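Visitor: Numbering (my numbering), first residue to last: 146 to 235.
Idealized CB from N, CA, C, for every residue including glycine.
If you're wondering where the values come from, they're calculated on a predicted model, not measured in any experiment.
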Amino acid sequence: MTPFEWLLAVCIAVMTLALVSGLVLILRTRDVITKAVISDLIFYSMVCIFLTWTLTNATSIGYEVALLAAIAGGVLPTLSMARIISRGRR
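If you want it as structure tokens, here you go:
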């Protein structure tokens, strides 16, 4: 393994720790707003792990996953989190 691959492996390990700690927090908390925010953390950490992995492993859909994550991860969670925080009021 090259030093760059070692660095990426360490980055993936740190992101995995953040993902697991977010999962534990979701399971332990009862606050709906906290669950909504942490669900974004989990989504973005999964996307970051995949995109970091694609830096050293050739894949044909890496660019498409990044675009889909930007669309689905940017617009939809913002709208749903606003509905959760306002408790459905308009």
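Quick one: using the 10 Å Cβ neighbour count with 16 as the cut-off for buried, is I206 buried or exposed?
Guide: As a first step, residue 206 must be located in the sequence shown, where it is residue number 61. Exposed, since its Cβ has fewer than 16 Cβ neighbours within 10 Å.
Visitor: Hey, S190 and T147: beta-carbon distance below 9 Å or not?
Guide: Counting from 1 along the sequence shown, the entry for residue 190 is found at position 45. Counting from 1 along the sequence shown, the entry for residue 147 is found at position 2. No.
Visitor: I'd like the span of the alpha helix (DSSP H) that includes S190, first residue to last.
Guide: Along the sequence shown, one-based indexing puts residue 190 at 45. Its alpha helix (DSSP H) spans residues 177 to 198.
Visitor: Taking the C-alpha atoms as reference points, what is the distance between A181 and V169?
Guide: For the purposes of this step, residue 181 is taken as residue 36 along the sequence shown, with counting starting at 1. For the purposes of this step, residue 169 is taken as residue 24 along the sequence shown, with counting starting at 1. Their Cα atoms are separated by approximately 14 Å.
Visitor: Tell me the DSSP secondary structure of R173 in three-state form.
Guide: The count along the sequence shown starts at 1 and reaches residue 173 at position 28. DSSP places R173 in helix when its eight states are reduced to three.
Visitor: Is L186 closer than 9 Å to A163 when the C-beta atoms are compared?
Guide: Within the sequence shown, the letter at position 18 stands for residue 163. Within the sequence shown, the letter at position 41 stands for residue 186. Yes.
Visitor: Given a threshold of 16 other Cβ atoms within 10 Å of its Cβ, counted over all protein chains shown, does I183 qualify as buried or as exposed?
Guide: Numbered from 1 along the sequence shown, position 38 holds the residue referred to as residue 183. Buried, since its Cβ has 16 or more Cβ neighbours within 10 Å.
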